[in-house]
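Undergrad: Would you mind keeping the following structure in view while I ask a few things?
2 protein chains.
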Amino acid sequence: MDLFTDQGFDATSMREIAERLGISKPAIYYHFASKEEILMALHMRLHQLGKAALARLAGQTVTLQLWESLLNEVLDQMVAQRKLFLMHERNQAAMEKLHRLREHDQSHEDLEQRLRHALTDPSLPLGDRVRMACSLGAAFGGLFMFGNAFEDVPGADLRSLIGGVVHGIVADHSQPSPS
Amino acid sequence: MDLFTDQGFDATSMREIAERLGISKPAIYYHFASKEEILMALHMRLHQLGKAALARLAGQTVTLQLWESLLNEVLDQMVAQRKLFLMHERNQAAMEKLHRLREHDQSHEDLEQRLRHALTDPSLPLGDRVRMACSLGAAFGGLFMFGNAFEDVPGADLRSLIGGVVHGIVADHSQPSPS
DNA sequence: GTCTATATTTCGATAGAC
DNA sequence: GTCTATCGAAATATAGAC
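Residue numbers (numbering that gives the first Met the number 0), protein chains in the order written: chain A, 0 to 178; chain B, 0 to 178.
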């Protein structure tokens with residue numbers, strides 16, 4: 000995961016992975032059928048984390064309110080699994096290739112596909128969809144901008160600050176509260 | 000640029016580039032000394048665009064107000080050069096490797112380095128720095144989230160919507176206007 | 001479960017003709 | 001400025017012993 004994050008999946012060889020683990024190259028093939036399977040295993044970790052959020056998206060219209068709730072859930076997981084999300088984010092091309100090769104697997108419904116679908120759903124106002132995309136981008140930016148600019152900041156502090164920003168994006172459109 | 004964006008720099012071979020251009024592989028080497036030089040040429044396009052913004056960062060403290068002004072400038076360029084920014088964003092690992100190999104070139108001061116420096120400057124409040132990172136992330140998210148979810152939206156419309164969101168992030172902390 | 005040794009492919013890059 | 005032909009290196013993956 001560290002090598003894929005720092006150098007990229009394609010720029011990381013099985014030789015480097017073996018050296019990092021202190022074993023030989025063929026030893027890796029006892030545990031993983033291919034280099035892609037290693038990436039797939041890492042992806043499945045993230046997929047498991049997203050299953051709950053995925054279920055909440057099933058079928059229903061994605062309102063800004065639902066989006067904020069989902070995003071708060073996802074944000075918690077991003078903070079708890081920063082490295083895993085960063086690896087995923089920095090290897091988008093390799094991840095897409097992975098999905099292209101396994102399109103047959105119908106059971107694998109991806110959170111990312113659903114989010115993309117929500118963002119491109121023309122029945123929602125464009126302004127709302129842009130807010131959704133920006134809020135997700137803001138979360139990624141706060142956690143991962145320039146590699147990991149805030150890696151030394153305690154997760155809880157960062158979580159709280161980013162949560163405030165994200166809330167501002169998806170909620171500041173509403174009328175002032177009557178209170 | 001398209002191949003690097005879709006497949007990633009490392010997953011794109013000189014053979015594929017040649018085929019896309021309708022020429023042979025050695026013909027490319029007449030124009031570029033190496034595959035890395037092609038990426039470098041694309042990077043320099045972005046570098047030129049960022050020179051003005053870079054100059055405004057020289058030496059002075061980066062306030063939220065300055066940040067918003069810079070970000071608006073950068074946002075205009077992102078809208079005008081969406082593909083170039085997207086290619087850059089999706090090949091961060093390759094870009095960093097490029098910079099590592101040319102560290103000797105002192106004249107090459109990068110906008111990204113400066114932004115990173117501003118985000119990690121401990122003399123600024125953490126809350127402000129997180130807002131900066133989030134606002135930049137929001138801009139990227141709005142333009143590039145999930146590849147290019149809003150590629151069919153006219154640039155001006157998207158620019159305006161994202162500008163509003165970004166302004167909200169870096170400005171909503173201030174006191175209500177006395178008007 | 002790990003090793004040494006190796007098969008096979010593909011890559012980036014070059015030689016040299018035109 | 002572009003081509004055909006090819007080099008050497010490095011990659012993924014496998015064979016087979018232990």
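Note that CB positions come from ideal geometry on N, CA and C, so glycine has one too.
Just so it is clear, the structure is predicted and the values come from calculations on it, not from any experiment.
Out of curiosity, what's the CA-to-CA distance linking Pro177 of chain B and Glu111 of chain B?
TA: Here the model assigns Pro177 of chain B a pLDDT of 49, short of 50, so the residue's position is not dependable and the matter cannot be decided.
Undergrad: Compare the C-alpha of Leu48 of chain A against each of A:Leu83, A:Gly140, A:Val164 and name the closest.
TA: Answer by Cα proximity: A:Leu83.
Undergrad: Ile22 of chain B lies in the alpha helix (DSSP H); which residues open and close that run?
TA: Here Ile22 of chain B belongs to no alpha helix (DSSP H), and DSSP marks it neither H nor E.
Undergrad: For a test of the three-state rule: what should DSSP assign to Thr119 of chain B, helix, strand or coil?
TA: Secondary structure of Thr119 of chain B (DSSP, three-state): helix.
Undergrad: Whole-angstrom Cβ separation of Leu97 of chain A and Val152 of chain B, contact assumed at under 8 Å?
TA: Rounded to whole angstroms, the Cβ separation of Leu97 of chain A and Val152 of chain B is 28 Å, and the two are not in contact under 8 Å.
Undergrad: How is Ser39 of chain B classed by DSSP in three states: helix, strand or coil?
TA: First, the residue type needs correcting, since residue 39 of chain B is Met and not Ser in the sequence shown. The three-state secondary structure of Met39 of chain B, taken from DSSP, is helix.
Undergrad: Buried or exposed for Leu4 of chain B, going by 16 or more other Cβ atoms inside 10 Å?
TA: This sequence places Thr at residue 4 of chain B; Leu is not what is there. Thr4 of chain B should be labelled buried.
Undergrad: Using a Cβ-Cβ cut-off of 9 Å, state whether Pro177 of chain B counts as contacting chain A.
TA: Any reading at Pro177 of chain B must be qualified, since the residue scores a pLDDT of 49, below 50, and its modelled position is unreliable; the value itself is stated next. False, the Cβ-Cβ gap to chain A never drops below 9 Å.
Undergrad: For chain A, find out if any of its Cβ atoms is closer than 9 Å to the Cβ of Glu36 of chain B; answer yes or no.
TA: no
Undergrad: Grouping DSSP H, G and I as helix and E and B as strand, with all else coil, what is Thr11 of chain A?
TA: Correct three-state label for Thr11 of chain A: coil.
Undergrad: Quick check on the burial criterion: 16 or more other C-beta atoms within 10 angstroms. Buried or exposed for Met77 of chain A?
TA: The residue is buried, with at least 16 neighbouring Cβ atoms inside 10 Å.
Undergrad: Do the region 133-150 of chain B and the region 29-44 of chain B meet, that is, are 3 or more Cβ pairs less than 8 Å apart?
TA: no
Undergrad: Can you check which of these residues, B:Leu70, B:Leu74, B:Leu56, is closest to Met131 of chain B by C-alpha distance?
TA: B:Leu70
Undergrad: Are the beta-carbon atoms of Arg81 of chain B and Gly154 of chain B separated by less than 9 Å?
TA: yes
Undergrad: Could you say if the region 24-35 of chain A and the region 1-15 of chain A meet the contact criterion of at least three C-beta pairs nearer than 8 Å?
TA: yes
Undergrad: If we ignore side chains and look at the alpha-carbon of each, how far apart do Arg113 of chain B and Phe8 of chain B end up?
TA: 25 Å
Undergrad: Hey, quick one: how far does the alpha helix (DSSP H) through Asp156 of chain A stretch, first residue to last?
TA: 154-170
Undergrad: Is Leu74 of chain A close to chain B? Criterion is C-beta to C-beta, closer than 9 Å.
TA: Chain B, which has no Cβ nearer than 9 Å to the Cβ of Leu74 of chain A, makes this no.
Undergrad: Is there at least one Cβ from chain A nearer than 9 Å to Ala155 of chain B's Cβ?
TA: no
Undergrad: Write down the C-beta distance between Gly136 of chain A and Ile161 of chain A rounded to the nearest angstrom, noting that I regard them as a contact closer than 8 Å.
TA: At roughly 11 Å, the Cβ-Cβ gap does not stay under 8 Å, so Gly136 of chain A and Ile161 of chain A are not in contact.
Undergrad: Determine whether the beta carbon atoms of Val129 of chain B and Val61 of chain A lie at a separation below 9 Å.
TA: no
Undergrad: Could you work out which residue in A:Leu157, A:Ile168, A:Leu118 is closest to Asp75 of chain A when comparing CA atoms only?
TA: A:Leu157
Undergrad: Spatial neighbours of Leu123 of chain A within its chain, please: CB distance less than 8 Å, with the 5 preceding and 5 following residues excluded, ordered by chain position.
TA: Thr60, Val61, Ala117
Undergrad: What are the residues of the region 113-142 of chain B that lie near chain A, defined by any Cβ-Cβ distance shorter than 9 Å?
TA: Leu114, Arg115, Leu118, Thr119, Leu125, Gly126, Arg128, Val129, Arg130, Met131, Ala132, Cys133, Ser134, Leu135, Gly136, Ala137, Ala138, Phe139, Gly140, Gly141, Leu142
Undergrad: If the cut is a Cβ gap below 9 Å, which residues of chain A does Met144 of chain B touch?
TA: Leu114, Arg115, Leu118, Met131, Ala132, Cys133, Leu135, Gly136, Phe139
Undergrad: According to the neighbour-count rule (16 or more other Cβ atoms, all chains shown, within 10 Å of its Cβ), is Leu20 of chain A buried or exposed?
TA: exposed
Undergrad: Tell me, to the nearest whole angstrom, how far the beta carbon of Arg99 of chain B is from that of His107 of chain B; I am working on the premise that it is less than 8 Å.
TA: 12 Å between Cβ atoms; not a contact.
Undergrad: Does Asp127 of chain B come out as helix, strand or coil in the three-state DSSP assignment?
TA: Judged by DSSP in its simplified three-state form, Asp127 of chain B adopts helix.
Undergrad: Mapping DSSP to helix, strand and coil, what is Val78 of chain B?
TA: helix
Undergrad: With burial defined as no fewer than 16 other Cβ atoms inside 10 Å of the residue's Cβ, what is the status of Ala92 of chain A: buried or exposed?
TA: In the assembly as shown, Ala92 of chain A is a buried residue. Its beta-carbon has 16 or more other beta-carbons within 10 Å.
Undergrad: To the nearest angstrom, report how far apart Met86 of chain B and Gln6 of chain B are at their CA atoms.
TA: Rounded to whole angstroms, Met86 of chain B to Gln6 of chain B spans 10 Å at the Cα level.
Undergrad: Please identify the residue among A:His166, A:Ile22, A:Leu38 whose C-alpha is closest to the C-alpha of Met94 of chain A.
TA: A:Leu38
Undergrad: Taking the continuous alpha helix (DSSP H) assigned at Ala57 of chain B, which residues delimit it?
TA: First-last for Ala57 of chain B: undefined, no H or E at that position.
Undergrad: Cβ atoms of Ala170 of chain A and Glu67 of chain A: under 9 Å apart, would you say?
TA: Contact flag set, yes.
Undergrad: Under 9 Å, do Leu63 of chain A and Arg55 of chain A count as touching if we go by C-beta distance?
TA: By the CB criterion at 9 Å, Leu63 of chain A and Arg55 of chain A fall outside the cutoff.
Undergrad: Output, in chain order, the set of chain A residues within a Cβ distance shorter than 9 Å of Asp1 of chain B.
TA: Those do not exist, as Asp1 of chain B stays about 12 Å from chain A at its closest Cβ, beyond 9 Å.
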